[in-house]
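Residue numbers (my numbering), protein chains in the order written: chain A, 1 to 249; chain B, 1001 to 1249; chain C, 2001 to 2249; chain D, 3001 to 3249; chain E, 4001 to 4249; chain F, 5001 to 5249.
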């Protein structure tokens, strides 16, 4: 099975880290291909950055050739709905993946993300997915995304402190890490705090395998229907539907 | 007061119609400037089309110079959150505008939109805005967006029939027209059916005036904070924050 | 345009303050007529006071002659549903006005009102309007309504302190002032705290103008239908429907 | 135990019917005193009528002398919150009484009320009580309140037909009759349709006994706190708090 | 009237205490029969214990002979749905009884229960009953169920401290005691804190009387339908439906 | 990896069918062990049957020896919470498995289950899981569970007809089959109707693998904490915690 893991930002060191985490989490027979758009923001911190990453996500999907499933590796699940329109193969966001799996091992979870500005988008996704009632709180650790890439930053310390507060104050039974760049921290933080700590990248890769292996494909009779044929203008002309080569469908 | 009304699709005849409807609805002292992106889809029908229109919306905002308020004239409120990050001036979506005003004159409203594929995005917005409980039903009339531009199409007939069903079956006390391209139909349909029929373009222009006149500006301490300074790559480099010229702030 | 702004309590100094705030917020061409009932409570602090103000609200509407719109200037939106039955012209409550506009400039808002006893009615309105999910918290500042009229009271200080808590603890992105008597404080408090602070009187007057200018009228096919003809007894006989002179319809 | 059952409208034949139904439902040791206001509407059909009945409800409570509990016998639970402020003794509305008891014998219930205009107020109460999720549908039978008093009307037939639809279409497991004037029909309709049919008058009288017998009294630390001392103007001066004689406290 | 009060755990001293509380709360003419299963856990603390008590609850119902109503005296309302299938007579849980009555005397209530592990099941019940929005918080007092039976334990002190926090922090207007073993504490704690404190055992007995006296019986057309005839295996063969002797129906 | 798949009813032909479906859906390296309790109901149709199957589920878990994960193969997710207390290894219900995966490939899904009496328990689970807003409707096909085992029954026809209605009337974008006994029908029905049709058994086995492979274990700090040590009476003494041999922990 081949899974395309798309880091929606343009920071290749982060793509590498995500790719390694994804491959480590995948089944042995699964090949993870990790990519990022060429055009767009170097990190996604809030609604503004988000929208400039989505055309690049679609471009990477088109470029990648046939895939069995796709993972969008930004915790905001950036562009997830559009990506689902672009293929029949399953597309899984790392945010939703972690939320769903957390509900299978805990009554309530909290999220520990990066900056305060990213909290509303995550809360909004929880509402849309239906899982707001299962999330005790979305917490910001005041760590910028790219600080997670810096050796010697106090990022891990801040995240750990916020997990402690989630357990003590929110009565969270599990904690979801709210950024793809935290993928390498989950295991140690789980041991440290004695609660399940979920990383969305690992969750999403395994869920993508699961949905694909079950032969389930994105429904094409509602909001995720194949885009109607039309001619996009200018820079976006290459993505005019019907899509030249719809990945894997 | 100057208001930039952005039609997120690239169909200029629709931009003209929207601009005329907006100017007609505005206060006499208000100047409406109607624009559309150069790059992107000719109509927005579902999640896929939507994401290719947002960078162009931001571009039009940047290009327009100082404005007192902005209106996004697609019923999906495409790119609304990102646009709010880009300026302190009020940004109003035509969907939200019609929903909010409908609740001030009716206990429950229904929405009559274009195609079935657009229903989920509208339902999702209602949930996010908090107004799901006030909407009886989102109904598709099976009219494609650009058919609204065609003389002689049966679009008006289909929309009218769906309004009749909304009143009879949903017990809707008001009806919101779910596409900017229906702006010219609201008055006659209201008379025909004896219920308030709301067009989002008119609602949004007046709400934008209202918020601006009250001196209210978008909050910058949460999800709509000014984007963090960073260098976007490639095609999107011109939109790297801090924004060269943040409109009107 | 003529708008009747009804202060539901009998304190004329408060009516004057509200009238001035309303006229200051209105468009130049709008004439604000500020009135209060002759019979009823001098301030509205909780459910009990509220019900004794409503017949007087209806009486003032009947007495006022033709109006283009009505504003009910008590933050509980006292008697709003009944007033909507009494006319086809728009009727706007100052509570709902501030809530709706706050959602257009902020992801979440908190309310700072007067006494603890008034909190449940406000929470209940938010639920009814559908906007509970957008309100982080309704906070009491422990200021009695008429203390807002006293020079030298510590009311402003208490309200400001509560706004600070709303921003720090609730992560509110905007604050709504929960009493018509706070209308003169909004601007300075907004500057002081660096967040939008909304006064319902100003919001409602502008929203009333907006709804009226758009030609929207209260729906008469559901809960706001014209009252059925019947003979009220005793003191209330003058309000027996059909209403002698339905304002402006 | 003495329970004051207040019919909020001024139609004495309806007060008699309600009083008889209440006494029949009460424990043998309970004395039911049935009254109605002198001033106000002869029937309550929608928001407008409602507000003119509430001062009279409070007046009847004050006039009645010491009571162990109060029942408000209009299905809208008219004035319930205000009445709870006026006494520490329990006050039960017939709407809420039927809703709560229905949930103890059925997973979901539907309501069959009189006119369409009364539906929104009932839906709004369900939301406020928290029980919306337990109500499948609020249905209007198109029967005016006072038609229930007319021999030979087709009211019973229409109500029965609506119950049949509630069972077939809503999958309602129980049906609540949505008007005090239907009190005499519940038993026969239950037998006819083979489902529990609840009359709010009987439910409320028994619940009032229950709350009173358990020694529970309305909480005075929040929204139902004793009204603050103040001087009401004009016609309402007699109800200025502190209440001259707070019933039974 | 005869009411079977079932303590779902096997601790007979607790059954005695519950039985006395139930009889004390009941109408004079009511005979309370208090029983407990022979097989099962000595206390119910969380989901695991719960499921081993339910077959014994059904067994006690079958053994008891004709009854007018049943009360399940564990705050989790253990086995309530199954018990309702087993009889047409009303079955009331002590948790639901306290929740419903609390909403009749207070806008919001908090629950003070035993251990943290019991909180999720109570929250889940509130959601199912529809009453989550009326409950400010479910609080654990860190008291094990059987510690309530020990003279000299600090259980009462811990519970009282938690009630104080519920009033101060949650703005709870009433407090529900979340364990049948707290039945004897309600009155004194209510006096101590000046708020209504509800014990579910008393509430349930009176509600059971009420539903039975009103002639209401559990609906048999939905989820509580009589179990389909089938042959249970092994240990549970005696409970194979149709039930040998369905209590009181 | 070894997964214990527990059919909670005692019908061994159904256990065989479920076991085969589970093994077929599992990864090649996974060994499925399918069992059913010796004591209990031959099919689970509603709340009553359900509770008699749970002690047997726990017994089978204890008997099975070390397992990597558990699947409860009744669509009601019978005993799921209790089973999660009994082990740290993941426990997945087939209902929740299908619901969660359906939301990853469709905006809204409907459920087609067996009998009307099973609908409320499923709706209740959806509410608890947080996914009610994602489910358009839970539909009964009027097929008894064991009729699915009968060659020549019209079960498949009835189910197919109900799927057609779900697509046409509910606008469901995917359909979840609401009984373990329908496991063999999913693929053909999906092809027939052109929408994803999900079988919970396959979904649960793959999800169990996923959660286990990710090293996630059920949180032990809240509702799923290890049962407190206590001595169960009589028939249930063998299950007294601490559990003799906690499976796989």
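Note that CB positions come from ideal geometry on N, CA and C, so glycine has one too.
Predicted, not measured: the structure shown is a model, and the values here were computed from it.
With DSSP as the reference, label residue 3113 (chain D) as helix, strand or coil.
strand
Does the count of Cβ pairs from the segment 2223 to 2241 of chain C and the segment 3165 to 3179 of chain D closer than 8 Å reach three?
no
According to DSSP, residue 1031 (chain B) sits in a beta bridge with which residue or residues?
B:1002
Compute the Euclidean distance between the alpha carbons of residue 5299 (chain F) and residue 1047 (chain B), then round it to the nearest angstrom.
Limits of chain F in this structure are 5001 at one end and 5249 at the other, which puts residue 5299 (chain F) out of reach.
Starting from the C-beta of residue 5138 (chain F), find all residues in its chain whose C-beta is less than 8 Å away, skip the five residues before and the five after it, and write them out in chain order.
5110, 5111, 5113, 5119, 5122, 5123, 5126 and 5178
8 Å Cβ cutoff, residue 2085 (chain C) in contact with chain D:
yes
Going residue by residue through the segment 4146 to 4192 of chain E, where are the continuous alpha helix (DSSP H) segments of at least 4 residues, counting only ones entirely within it?
4155 to 4169
So, does the CB of residue 2078 (chain C) fall closer than 8 Å to a CB anywhere in chain B?
no
In terms of DSSP beta bridges, what is residue 4233 (chain E) paired with?
F:5040
Please tell me whether residue 3002 (chain D) has its Cβ less than 8 Å away from any Cβ of chain C.
no
Looking at residue 32 (chain A) and residue 26 (chain A), is the spacing between their C-beta atoms short of 8 Å?
yes
What residues in its chain sit with their C-beta under 6 Å from that of residue 5249 (chain F), if we drop five residues either side in the sequence?
Bear in mind that a pLDDT of 39 at residue 5249 (chain F), under 50, signals an unreliable position, so the number given afterwards is only what the model happens to contain. Counting only Cβ-Cβ distances below 6 Å, and skipping sequence neighbours, we find 5087 and 5088.
Range covered by the beta strand (DSSP E) that runs through residue 139 (chain A)
135 to 140
Spell out whether any CB of chain B is found under 8 Å from the CB atom of residue 2160 (chain C).
no
Could you pull the start and end residues of the alpha helix (DSSP H) that residue 5201 (chain F) belongs to?
5200 to 5213
Residues of chain C with a CB under 7 Å from the CB of residue 1203 (chain B): which are they?
2214
Residue 5100 (chain F), buried or exposed, once every other Cβ within 10 Å from all chains shown has been counted against 16
buried
Taking 7 Å as the cut-off, is the C-beta of residue 2182 (chain C) nearer than that to any heavy atom in the ligand SAM?
The ligand SAM is not part of the structure shown, which contains no ligands of any sort.
For residue 5241 (chain F), name the three-state secondary structure that DSSP assigns.
coil
Ends of the alpha helix (DSSP H) at residue 4070 (chain E)?
No alpha helix (DSSP H) holds residue 4070 (chain E); the beta strand (DSSP E) holding it covers 4069 to 4072.
Residue 2211 (chain C) vs residue 1105 (chain B) beta-carbon contact at 8 Å
yes
Distance, residue 108 (chain A) Cα to residue 5224 (chain F) Cα
11 Å
So, are the CB atoms of residue 11 (chain A) and residue 146 (chain A) less than 8 Å apart?
yes
Indicate whether at least one CB of chain C lies closer than 8 Å to the CB of residue 4107 (chain E).
yes
Stretch-stretch touch, CB-based, cutoff 8 Å, three pairs: the segment 3129 to 3144 of chain D with the segment 3192 to 3199 of chain D:
no
Does residue 231 (chain A) pass the burial test, meaning 16 or more other C-beta atoms within 10 Å, or should it be called exposed?
exposed
Inter-residue Cα distance where the pair is residue 5013 (chain F) and residue 96 (chain A):
37 Å
Close-in-space but distant-in-sequence residues of the same chain around residue 1063 (chain B) (CB under 7 Å, 5 per side omitted)
none
Over the uninterrupted alpha helix (DSSP H) stretch that includes residue 3019 (chain D), give me the two end residues.
3012 to 3025
Is it buried or exposed for residue 3029 (chain D), if we count other Cβ within 10 angstroms and need 16 for buried?
exposed
Per the DSSP calculation, residue 4119 (chain E) is bridged to which residue(s)?
In the DSSP output, where bridge partners are listed per residue, residue 4119 (chain E) has none listed.
Inspect the beta-carbon positions of residue 72 (chain A) and residue 91 (chain A) and report whether they are closer than 8 Å.
yes
Cβ shell of residue 93 (chain A) (< 6 Å), same chain only, five flanking positions each side left out
72, 77 and 80
Ends of the alpha helix (DSSP H) at residue 4195 (chain E)?
Segment: none, residue 4195 (chain E) is in no alpha helix (DSSP H) and carries neither H nor E.
Within 10 angstroms of its Cβ, does residue 4252 (chain E) collect 16 or more other Cβ (buried), or is it exposed?
Residue 4252 (chain E) cannot be examined here, being either before or after the span of chain E that is shown, 4001 to 4249.
Return no unless some Cβ of chain C is closer than 8 Å to the Cβ of residue 1129 (chain B).
yes
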